[in-house]
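The sequence shown runs 3 to 249 under the numbering used here.
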Amino acid sequence: MERNVTMAEISDGKLYSRDDMVKAGCDDCWGCSACCRGMGNSIVLDPYDVYRLTALRGDTLEHLLEEKKVEWNVVDGQILPNLALRSGEEEACGFLDEAGRCQIHAYRPGICRLFPLGRFYENGSFQYFLQIHECKKENRTKVKVKKWIDTPDLKRYEAYISRWHYFLKDIRRAETEAAQNLLAEPCIGTPEEQEIQKKNRAAAAAEREKRRNLLIMKLFYLLPYDGEKDFYEQFEKRMQMAERSLR
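Next up, the structure:
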């Protein structure tokens with residue numbers, strides 16, 4: 003999810019790598035679950051998150067959607083899943099128990115693992131930054147970034163995160179440019195005929211966007227992953243299929 007803010011507004015002004023120390027340690031969040039409440043639809047799930055929540059937990063995305071633990075929303079022009087809030091005044095994550103503890107901590111999404119860190123994308127990759135206004139815990143301790151994120155084979159995971167981010171960004175840009183070029187083509191005939199041509203072109207652009215959304219939803223999220231097999235190999239096969247289909 004892209005944010006239209008400056009780094010000076012939201013961070014300590016530094017960028018971090020996986021081996022850097024950062025003030026993110028919060029004593030295992032004891033007595034606090036503020037970041038699991040009122041977060042709206044901001045906990046967007048990438049394919050590896052869904053692999054964790056489904057294949058590794060013995061669940062399915064369809065079941066999580068039925069249970070209203072996950073929902074679909076539009077993020078930067080693409081329909082993607084996110085963790086859903088419980089209805090009512092509390093507005094807490096559906097996986098938060100009565101004691102304010104996460105019921106899926108071992109399988110929690112990447113955004114949850116990051117917090118209060120964020121990712122700053124640039125030049126085909128990304129670095130981490132510390133959000134200074136988000137975490138309510140005071141006197142946080144220094145911890146190594148890779149320990150904080152707690153993800154196996156972090157270097158490989160980071161390469162995957164970059165690939166997924168720029169894949170979505172590139173197909174959005176290509177689709178926007180194609181739609182703009184299509185709509186910019188001159189129309190011919192009478193005013194009525196030209197109006198029909200404009201509507202047909204707009205409909206064609208909308209249909210292309212719908213096709214792209216459905217392809218990504220089905221290929222990367224709804225098609226089950228095999229928890230006994232390497233995620234990255236499964237992802238790469240799906241990525242190749244998507245790139246061929248979206249040419």
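Where a beta carbon is used, it is the ideal one built from N, C-alpha and C, also for glycine.
Looking only at its chain, what residues have a beta carbon closer than 8 Å to the beta carbon of residue i, apart from the 5 residues adjacent to it on each side?
i, result
"Gln196", "Cys189, Ile190"
"Arg210", "Glu177, Ala180, Ala181"
"Arg158", "Tyr234"
Out of the options, which one is the CA nearest neighbour of residue i?
i, options, result
"Gly60", "Glu211, Asp228, Asp30", "Asp228"
"Val147", "Arg115, Glu73, Arg246", "Arg115"
"Leu221", "Leu82, Tyr18, Gly40", "Leu82"
"Leu156", "Glu92, Met9, Arg20, Ser13", "Arg20"
"Cys28", "Ala101, Arg246, Trp150, Arg203", "Trp150"
"Ser35", "Asn125, Lys171, Glu93", "Glu93"
"Arg103", "Thr56, Asp22, Asp30, Glu245", "Asp30"
"Ser247", "Lys16, Gln236, Arg214, Tyr18", "Arg214"
"Gly42", "Ser164, Glu230, His65, Glu73", "Glu73"
"Ile163", "Ala205, Asp232, Ile113", "Ile113"
"Glu238", "His65, Glu69, Ala161", "Ala161"
"Phe2", "Ala208, Cys37, His65, Thr8", "Nothing about residue 2 can be read from this structure; the chain reaches only from 3 to 249."
"Leu184", "Arg203, Ile198, Lys231", "Arg203"
"Met9", "Leu63, Tyr123, Asp232", "Tyr123"
How is the alpha helix (DSSP H) around residue i delimited, first residue to last?
i, result
"Lys250", "In the structure as shown, the chain begins at 3 and stops at 249. Residue 250 is therefore absent and cannot be evaluated."
"Phe237", "233-247"
"Gly120", "Careful: Gly120 lies outside any alpha helix (DSSP H), inside the beta strand (DSSP E) at 119-124."
"Phe169", "156-186"
"Leu224", "Leu224 -> no alpha helix (DSSP H), and no H or E assigned at all."
"Arg132", "Contrary to the premise, residue 132 reads as Leu rather than Arg in this sequence. Taken as a continuous stretch (DSSP letters only), Leu132 belongs to no alpha helix (DSSP H), being part of the beta strand (DSSP E) at 127-132."
"Cys114", "112-116"
Assuming residue i contacts residue j (C-beta within less than 8 Å), just tell me the rounded distance between them.
i, j, result
"Thr153", "Lys25", "So it is not a contact: roughly 20 Å between Cβ atoms."
"Met241", "Phe128", "Contact doesn't hold; Cβ gap of about 18 Å is too wide."
"Ala244", "Leu224", "In fact, because the Cβ distance is near 13 Å, the residues do not count as touching under 8 Å."
"Arg54", "Tyr109", "4 Å"
"Val145", "Asn84", "Not a contact, Cβ separation roughly 26 Å."
"Asp172", "Pro111", "23 Å between Cβ atoms; not a contact."
"Ala57", "Pro226", "7 Å"
Could you spell out the range, first to last residue, of the beta strand (DSSP E) harbouring residue i?
i, result
"Glu73", "72-77"
"Ile198", "Unbroken run through Ile198 is the alpha helix (DSSP H), 193-219; no beta strand (DSSP E)."
"Ile81", "80-85"
"Leu66", "That residue, Leu66, is in no beta strand (DSSP E); its alpha helix (DSSP H) goes 63-68."
Leaving out five residues on either side along the sequence, give the residues of the same chain with a beta carbon under 6 Å from the beta carbon of residue i.
i, result
"Gly96", "Lys71, Ala86, Arg88"
"Gln105", "Phe97, Asp99"
"Gly120", "Phe131, Gln133"
"Trp166", "Asp48"
"Tyr18", "Val24, Tyr130, Val147"
"Asn75", "Asn43, Asn84"
Short of 7 Å in beta carbon distance, which residues of its chain neighbour residue i, apart from the five on each side in sequence? Order them along the chain.
i, result
"Met219", "Ile81"
"Ser13", "Phe131, Leu132, Gln133, Ile134"
Continuous alpha helix (DSSP H) assignments of at least 4 residues falling wholly in the stretch 9-50: 9-12
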